[in-house]
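Participant:
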Amino acid sequence: MNTEAPNQDFDIAAVFQEGLLQAQQEEAMLNIMLAGRPGVGKSTLVNAIFGQSIAPVGTGAPVTKEIKRYRRPNVPVTVYDTPGFELGKSATEVADYFLGQIKTQVTAEGSEIHFALFCSLAASKRVEPFEADLIRSLAAEVHTAFVLTQCLDKEAKEVTELRAHIDSLRLPILGGQPFPVLAEEMMVKIAGQSILVKPFGLGELISALALVLPEAQKRTLASRQRVNLDLKVTEANSIVAVAALKAAAIAAVPIPFYDIAPLSALQVRMFAQITTVMGFTVEPKSLAAACAAVIGAGTAARSAASLLKVVFPLVGGAVNASIAGSTTYAMGTAYIKACEGLLRAQIAGVPIDQKDVIGALVREWKKAR
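Here's what the structure looks like:
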């Protein structure tokens, strides 16, 4: 049986680029509301979560005279930053005003407020009655997380006392308790010595938020946040599981190698989706070349018939559902492991180039095989 078809080119780089574009276009908008007194580090918190200046201090398009909206080009995240609390207004009135103005904006875009972050300094002695009532009013309409910002030590006496005070209020907050967080590293002096305190707490906050989000916004949060790799890996694994099922469906009737282009395209698009969720900032051509290396193609464009001969075991010159599904799954999980290791290095400040990407993927693929 002839297992080759002439002139059936398959451009991995082009398919990978198309997959990246499609994955980015399919990202759903994530709308975030910030509340709390001025100076508690709301913008710092959001910027640390997403690893970029989403909400720079002092700028933004006003929704009203007070509320500011922050949205960067090509980033499916919108932040609504509310101002300080207006004297002479009840907490319910303030909450209704904030929510009403923001809902007008998001409803016009066919969306909703997905969660609110109420921020208060960890050094605060207590939560004022007005703040507690404001939180209750916000939480009645939107998932609300209580974040204790600029926390240097979550086990410090003043922090544990504040957390106990918040617990006693029985606020309807996400997770039932506040999240102590240090969003960015801080140099402090203890006993005359300067000590660098590393950021902490952001990963736990993200995990809690992901539990209450719709699937589309959960995928956006997973791909865009930079502090919780476990969430990225979980979402990437769900992509692989779906791709494996689709691969098995394509090969439900065993397909000869000269008809393998649709399966090849599915797997390359899977790589592109994983890349988007993992949030890589590597040159796309490098990742396309890495895909080609993993799949077994020596160049970016090869015949579809020869493309996966290195990957798939030959069974009478054809690929069946079991082989297509299991091999696609193995390819995807190997790619996730390589991406995870590279992303950890990248977050730590290690520069990543094309050789690193290709090398990591090939090593993980060899392990999987």
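Count along the sequence shown from 1, add 77, and you get the number used in my numbering. We put the CB at the ideal spot given by N, CA and C, even for glycine.
Roughly how many angstroms separate the alpha carbons of K414 and T405, rounded to a whole number?
Facilitator: K414 and T405: Cα-Cα distance of roughly 14 angstroms.
Participant: So for P257, helix, strand or coil by DSSP?
Facilitator: strand
Participant: With a threshold of 16 other CB atoms inside 10 Å of the CB of R346, please say whether the residue is buried or exposed.
Facilitator: Counting Cβ neighbours within 10 Å, R346 comes out buried, since at least 16 surround it.
Participant: Answer yes or no: do A199 and L251 have a C-beta to C-beta separation smaller than 9 angstroms?
Facilitator: no
Participant: So N305 and H191 are supposed to be a Cβ contact under 8 angstroms. How far apart are they, rounded?
Facilitator: With a Cβ gap of about 16 angstroms, N305 and H191 do not count as contacting.
Participant: Identify whether R247 lies in helix, strand or coil by the three-state DSSP scheme.
Facilitator: coil
Participant: Residues in the same chain with beta-carbon distance under 6 angstroms from A189, minus the five sequence neighbours each way, listed in chain order, please.
Facilitator: For the sequence presented, residue 189 should be read as Glu rather than Ala. Answer for E189: V183, listed in chain order.
Participant: By Cβ distance below 6 angstroms, which residues in the same chain neighbour P160 in space, the five residues on each side in sequence not counted?
Facilitator: In the same chain as P160, and ignoring 5 residues on each side of it, the C-beta atoms closer than 6 angstroms to its own belong to E143, in chain order.
Participant: Distance, Cα to Cα, A299 vs Q99?
Facilitator: 17 angstroms
Participant: Can you tell me whether A328 is helix, strand or coil according to DSSP?
Facilitator: coil
Participant: In whole angstroms, give me the CA-to-CA distance for R272 and E441.
Facilitator: For clarity, residue 272 is Ile in the given sequence; the question names Arg instead. Roughly 38 angstroms between the two C-alpha positions.
Participant: K295 by DSSP, collapsed to three states: which one?
Facilitator: helix
Participant: With C-beta atoms as the reference, is A324 less than 9 angstroms away from L343?
Facilitator: Closer than 9 angstroms, so yes.
Participant: Measure the CB-CB distance between Q227 and L194 and report whether it falls below 9 angstroms.
Facilitator: no
Participant: When you compare only the Cα positions, how much space is there between A378 and V396?
Facilitator: Only weak support is given to the placement of A378: the predicted model assigns it a pLDDT of 36, under 50, and the question is left unresolved by the model.
Participant: Within its chain, find whatever has a CB closer than 6 angstroms to the CB of T376; leave out the 5 residues flanking it on each side and keep chain order.
Facilitator: In this prediction, T376 scores a pLDDT of 39, lower than 50, which makes its location untrustworthy; the coordinate-derived value is nonetheless stated afterwards. None.
Participant: Could you tell me the distance, in whole angstroms, from the CA atom of P133 to the CA atom of N124?
Facilitator: Computed Cα separation, rounded: 8 angstroms.
Participant: Which first and last residues belong to the alpha helix (DSSP H) in which Y342 is found?
Facilitator: The amino acid occupying residue 342 in the given sequence is Ala; Tyr does not appear at that position. First-last of the alpha helix (DSSP H) with A342: A338 to M355.
Participant: For a minimum of 4 consecutive residues, which ranges assigned as the alpha helix (DSSP H) are wholly contained in the stretch 168-194?
Facilitator: Listed in chain order, the complete alpha helix (DSSP H) runs (minimum 4 residues) inside the stretch 168-194 are 168-185.
Participant: If we count the other Cβ atoms within 10 Å of its Cβ and call it buried at 16 or more, is L288 buried or exposed?
Facilitator: exposed
Participant: Which of helix, strand or coil does DSSP assign to L122?
Facilitator: Shown here, L122 sits in a helix according to DSSP, grouped into three states.
Participant: Measuring CB atoms only, is the stretch 115-130 touching the stretch 311-327, in the sense that at least three cross pairs come out at less than 8 angstroms?
Facilitator: no
Participant: Tell me which same chain residues have a C-beta within less than 7 angstroms of the C-beta of V92, skipping the five on either side of it?
Facilitator: Taken in chain order, the residues that qualify are A342, V345 and R346.
Participant: Is I144 helix, strand or coil by DSSP?
Facilitator: Three-state DSSP puts I144 in coil, outside helix and strand.
Participant: If I measure Cβ to Cβ from P390 and keep anything under 8 angstroms in the same chain, skipping five residues before and after, which residues do I get?
Facilitator: Its pLDDT being 45, under 50, P390 is placed unreliably in this model, and the coordinates cannot settle the point.
Participant: Provide the residue span of the alpha helix (DSSP H) that contains F93, from first to last.
Facilitator: I89 to Q102
Participant: Between which two residues does the beta strand (DSSP E) containing L290 stretch?
Facilitator: Counting along the chain, L290 falls outside any beta strand (DSSP E), and DSSP gives it neither H nor E.
Participant: Measuring only the C-alpha atoms, how far is V439 from A367?
Facilitator: 8 angstroms
Participant: When DSSP labels each residue in this structure, what does M110 get in the three-state scheme?
Facilitator: When DSSP states are grouped into helix, strand and coil, M110 belongs to the strand group.
Participant: Use the C-beta contact count for I351: other C-beta atoms within 10 angstroms, 16 or more gives buried, fewer gives exposed.
Facilitator: Counting C-beta atoms within 10 angstroms of its own C-beta, I351 has 16 or more neighbours from the protein chains shown and is therefore classed as buried.
Participant: Could you have a look at Q129 and say whether DSSP puts it in helix, strand or coil?
Facilitator: coil
Participant: Using a threshold of 9 angstroms, state whether the C-beta atoms of Q101 and T353 are closer than that.
Facilitator: yes
Participant: I believe K231 touches P249 by the beta-carbon criterion, under 8 angstroms. Please report the beta-carbon distance rounded to the nearest angstrom.
Facilitator: With 8 angstroms as the limit, K231 and P249 do not qualify as a contact, their Cβ atoms being about 22 angstroms apart.
Participant: Report the partner residues of K266 according to the DSSP bridge assignment.
Facilitator: For K266, which the question treats as bridged, DSSP gives the partners S271.
Participant: Alpha carbon to alpha carbon, how far is A168 from T297?
Facilitator: Approximately 32 angstroms between the Cα atoms of the pair.
Participant: Return the chain-ordered list of same chain residues with a C-beta closer than 7 angstroms to the C-beta of V392, the five sequence neighbours on each side being excluded.
Facilitator: Annotation note: pLDDT 46 at V392 (below 50); position unreliable, coordinate value reported separately. Taking C-beta separations shorter than 7 angstroms and ignoring five residues to either side along the sequence, the partners of V392 in its chain run I400, following chain order.
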